[in-house]
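Structure, as structure tokens:
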Amino acid sequence: MDNFKNLEELYQKVLPALTTKVNELKRSNIKYINEIDIWRFLRKNYWQNSKELTLGDMVNDILSTPNHLLEEYIGLIMQNQKNKNKDNELKKEKRDNLL
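The sequence shown begins at 6 in this note's numbering and counts up one residue at a time.
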């Protein structure tokens with residue numbers, strides 16, 4: 006198994022596969038997902054509890070992850086951010102009304 010000093014080094018090692026996946030997404034007209042989005046999705050949903058994960062396993066996961074799962078993940082993140090922004094606006098409104 007390959008050993009890496011830190012996550013940044015590992016990220017750089019799999020970046021070509023991530024870029025390939027982004028290009029595949031773009032060919033499918035999915036232009037809003039980037040390399041870091043895919044990396045975060047896989048870290049959280051595939052690799053977090055994996056043991057003895059190899060570089061080859063990671064590249065395979067990157068290239069074989071269904072596009073719709075990435076779209077759903079990004080959709081949830083965007084919805085959460087939208088809800089957070091809405092909550093912040095409501096808090097600001099309440100605070101402004103108190104002044």
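Just so you know, even glycine gets a beta-carbon here, dropped at the ideal spot from N, CA and C.
Please read all numbers here as calculations on a predicted model, not as lab measurements.
Original post:
What are the uninterrupted segments assigned as alpha helix (DSSP H) that are 4 or more residues long and contained completely in the stretch 14-73, given in chain order?
Top reply: Within the stretch 14-73, the complete alpha helix (DSSP H) runs of at least 4 residues are 40-47, 60-69.
**OP:** Would you kindly work out how many angstroms separate the C-alpha atoms of N28 and K97, rounded to a whole number?
**Re:** Taking the first residue of the sequence shown as 1, we reach residue 28 at position 23. Taking the first residue of the sequence shown as 1, we reach residue 97 at position 92. Each residue's alpha carbon lies about 41 Å from the other.
**OP:** Please work out which residues of its chain come closer than 8 Å, Cβ to Cβ, to N90, disregarding the five sequence neighbours upstream and downstream, and give them in chain order.
**Re:** Counting from 1 along the sequence shown, the entry for residue 90 is found at position 85. Answer for N90: no residue qualifies.
Original post:
Which of helix, strand or coil does DSSP assign to N11?
Top reply: Position 6 of the sequence shown, counting from 1, holds the residue named residue 11. Residue state, collapsed to three classes: coil.
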